[in-house]
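**Q**
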Amino acid sequence: MSVHTLIDLLEQLDTVHLHMLDLTAEKKKAIIANEVESLIKIMNQEAKLVKQIEILEQKRAVSAQQYLRERGIKSELNLNLTELSRLVFDVEEKKRLLAIQEKLSETLQKLKRANELNQKLIEQSLSFIDLSLDILVGRPNQDVTYHHPADRSGNVARSGLFDSRA
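The sequence shown begins at 27 in our numbering and counts up by one.
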């Protein structure tokens, strides 16, 4: 197996990650617009892409191991692309390998930033929902823990609207 197979797998990985990046942009719009159904659809599509990425990553690892064995290296080490590129002696193949490594790295960084932004948007949305519920329902003045009936410290609020002792 040549380094071309490994490069092809890396290009496929980059393509799938770019699709994930597109979905992340769609997810951002859905979060901002509060479109829960479209958010669920996007998350289902992302789950399918994650499965594809896992399969491609497994193929990449197998391809890298086969390339090492072809070069006479019997190690089961999981080398990264920089270390693997040191074992590629053809200049063009080495350039392609390093170029796709750089491209994939950039794509992953963009995806990471987009996911962090979406996470912050979701946290803000949940905080807003929590605040809205607090305003609508109101927080109880007392804790939701058990208080012994004989323990009347005076700070226990009455739960009814009317004072029935009158």
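Glycine included, each C-beta is placed from N, C-alpha and C at the ideal position.
Thinking Leu49 and Ile68 are a contact (beta carbons under 8 Å), I'd like their distance in whole angstroms, please.
**A** Here the question's residue 49 lines up with position 23 in the sequence shown. Here the question's residue 68 lines up with position 42 in the sequence shown. About 5 Å; that satisfies the 8 Å criterion.
**Q** If Val42 and Leu75 are in contact, beta carbons under 8 Å, what's the gap, nearest whole angstrom?
**A** On the sequence shown, position 16 is the one that residue 42 refers to. On the sequence shown, position 49 is the one that residue 75 refers to. Sure, about 6 Å apart at Cβ, within 8 Å.
**Q** Buried or exposed: Ser151, going by 16 or more other Cβ atoms within 10 Å of its Cβ?
**A** As a working note, residue 151 is residue 125 in the sequence shown. So Ser151 ends up on the exposed side.
**Q** Give a yes or no on whether the C-beta atoms belonging to Leu36 and Ala140 are separated by under 9 Å.
**A** Numbered from 1 along the sequence shown, position 10 holds the residue referred to as residue 36. Numbered from 1 along the sequence shown, position 114 holds the residue referred to as residue 140. The answer is no: Cβ separation not under 9 Å.
**Q** Could you pull out every residue in the same chain whose Cβ sits closer than 6 Å to the Cβ of Asp34, ignoring the five residues on either side in sequence?
**A** Position 8 of the sequence shown holds residue 34. Nothing meets the Cβ criterion.
**Q** Check each candidate in Phe115, Val114, Glu80, Leu94 and name the one with the smallest Cα separation from Asp40.
**A** Walking along the sequence shown from the start, residue 40 turns up at place 14. It is Glu80 whose Cα lies nearest to the Cα of Asp40.
**Q** Taking all protein chains shown into account, decide if Lys53 is buried (16 or more other Cβ within 10 angstroms of its Cβ) or exposed.
**A** Numbered from its first residue, the sequence shown carries residue 53 at position 27. In this structure Lys53 is buried. Its beta-carbon is surrounded by 16 or more other beta-carbon atoms within 10 angstroms.
**Q** Buried or exposed for Val62, please, with buried defined as at least 16 other CB atoms from any protein chain shown within 10 angstroms of its CB.
**A** Position 36 of the sequence shown, counted from the start, is the residue given in the question as residue 62. By the neighbour-count rule (16 or more Cβ atoms within 10 Å), Val62 is not buried but exposed.
**Q** Return the CA-CA distance between Glu132 and Arg122, expressed in angstroms with no decimal places.
**A** By one-based count along the sequence shown, residue 132 stands at place 106. By one-based count along the sequence shown, residue 122 stands at place 96. Rounded to the nearest angstrom, the two C-alpha atoms are 15 Å apart.
**Q** Please look up how many angstroms separate the CB atoms of Ser111 and Thr31, rounded, as I've assumed it's under 8 Å.
**A** For the purposes of this step, residue 111 is taken as the residue at position 85 of the sequence shown. For the purposes of this step, residue 31 is taken as the residue at position 5 of the sequence shown. About 15 Å; that fails the 8 Å criterion.
**Q** Rounded to the nearest angstrom, what separates Ile148 and Leu107 at their Cα positions?
**A** For this step, residue 148 is matched to residue 122 along the sequence shown. For this step, residue 107 is matched to residue 81 along the sequence shown. If I take the Cα positions, the gap works out to 34 Å.
**Q** Of the choices Glu119, Ala87, Ser153, Gln38, whose alpha-carbon is the least far from that of Val29?
**A** Numbered from 1 along the sequence shown, position 3 holds the residue referred to as residue 29. Of Glu119, Ala87, Ser153, Gln38, the residue nearest in Cα terms is Glu119.
**Q** Report buried or exposed for Val163, applying the criterion of at least 16 other Cβ atoms within 10 angstroms of its Cβ.
**A** On the sequence shown, position 137 is the one that residue 163 refers to. It is exposed - the Cβ of Val163 has fewer than 16 other Cβ atoms within 10 Å.
**Q** Identify every run of the alpha helix (DSSP H) within the stretch 86 to 161, keeping only runs that are complete inside it and at least 4 residues long; order them along the chain.
**A** 107 to 111
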